[in-house]
Ligand code: BMA
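Residue numbers (the working numbering): 46 to 404.
Right, here's the structure in full:
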């Protein structure tokens, strides 16, 4: 506990002693305050772009005031996530059909209202022509690294992603590329690339964005999926010099044993993960975040207060982001919406002292 206190005090001192000028400084200060006060920002993917049964149509003329979270809890989430998938092709819309113009406008609107924004990225598989989930080749990461047959083309993909981020102007974003590397479902996962290749991919991305393009307002999040051991988590860690947030992704799945069993299993794994992340965060002087979580369709109507909150309340996790409420797939939702069976439970979760929505 003492170690934790010293670490948090250290972060707070770091945040207060320097002159607060850049948007990145402000975001660091904000995360330090959350960690220091034992509070957790609630985030929701795509929150301002669409919800369970609606979607922003005419985004250029829309004030973007609709939000499933706000409809239930009266406030926007503290953080909104968006995905850059398909930006690599110069597409108008991302892989889920969200116009990039809308993503830019929604991100700026949310930041303007005092919120935080995070970007993930599911780029296609440049070697096979498949999508991010195409793991049919174990040569993809090697092919995009310097000397690889796809390196130049891939640098063009990084350029388009960097162009988009640059187009937002002087705002700070939490950037979380190459996520869930400990899984086996993306072309950058551990089953299809070596430790060295993964780290090189991450560091090449960082070097291009930050050193070459001068995108210095990003906070970089590394987010393997759970469960993991400390060694497993750190095996592919790109390095303290480039990572700001130790993230983790982990979902609950309703298994054959029923909700009670799956809830208890999720809690056990999550507790173990957050305990490890807390220790790693202290050792490396980094923020920690639950960068993706949820339960598809939230069949457990007490999931927020009965399953998630009892675990996260015990750890200095700065934010928890639940995945998207797809407007075109009725059962594919991870956040609350008006009329969903667990509305009261979400309201009670949002009202907890430790949980921050956008005030
Ligand atoms: C997944 C699902 C997909 C989506 C992808 C990227 O978890 O929600 O439908 O395309 O995320 O947002």
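Using N, Cα and C, we set each Cβ at its ideal position, and we do this for glycine too.
Owing to the predicted nature of the structure, the values given are computational and were not obtained by experimental measurement.
Who are residue i's beta bridge partners in DSSP?
{"i": "residue 270", "result": "294"}
{"i": "residue 265", "result": "220"}
{"i": "residue 402", "result": "122"}
Over what stretch of residues does the beta strand (DSSP E) that includes residue i continue unbroken?
{"i": "residue 163", "result": "161-165"}
Give the single residue among the options whose Cα lies nearest to the Cα of residue i.
{"i": "residue 290", "options": "383, 264 and 392", "result": "264"}
{"i": "residue 239", "options": "187, 279, 216 and 284", "result": "187"}
{"i": "residue 312", "options": "295, 322 and 78", "result": "295"}
{"i": "residue 268", "options": "283, 262, 108 and 173", "result": "283"}
{"i": "residue 376", "options": "382, 341, 362 and 395", "result": "341"}
{"i": "residue 306", "options": "68, 333, 225 and 345", "result": "345"}
{"i": "residue 98", "options": "401, 362, 393 and 380", "result": "380"}
{"i": "residue 122", "options": "369, 314 and 252", "result": "369"}
{"i": "residue 347", "options": "254, 250, 386 and 211", "result": "386"}
{"i": "residue 397", "options": "218, 355 and 372", "result": "355"}
{"i": "residue 192", "options": "162, 351, 231 and 249", "result": "249"}
{"i": "residue 91", "options": "225, 114 and 200", "result": "114"}
{"i": "residue 183", "options": "243, 138 and 154", "result": "243"}
{"i": "residue 204", "options": "159, 225 and 259", "result": "259"}
{"i": "residue 87", "options": "367, 200 and 76", "result": "367"}
What residue range does the alpha helix (DSSP H) around residue i cover?
{"i": "residue 394", "result": "388-395"}
{"i": "residue 235", "result": "Here residue 235 belongs to no alpha helix (DSSP H), and DSSP marks it neither H nor E."}
{"i": "residue 278", "result": "275-280"}
{"i": "residue 173", "result": "Here residue 173 belongs to no alpha helix (DSSP H), and DSSP marks it neither H nor E."}
{"i": "residue 255", "result": "Premise fails: residue 255 is in no alpha helix (DSSP H) and is neither H nor E."}
{"i": "residue 205", "result": "196-211"}
{"i": "residue 186", "result": "185-189"}
Can you tell me whether residue i sits near ligand 3, meaning its C-beta is under 7 Å from at least one heavy atom of the ligand?
{"i": "residue 377", "result": "Ligand 3 is not among the ligands present in this structure, which contains only ligand 1."}
Practice prompt. Could you tell me which uninterrupted alpha helix (DSSP H) segments, each at least 4 residues in length, are contained entirely in the stretch 297-379, listed from first to last along the chain?
Written response: Within the stretch 297-379, complete alpha helix (DSSP H) segments of at least 4 residues are found at 304-329 and 354-357, given in chain order.
Worksheet entry | Minimum length 4: unbroken alpha helix (DSSP H) runs contained in the stretch 59-144 | As far as the stretch 59-144 is concerned, its whole alpha helix (DSSP H) runs of at least 4 residues are 68-81 and 113-118.
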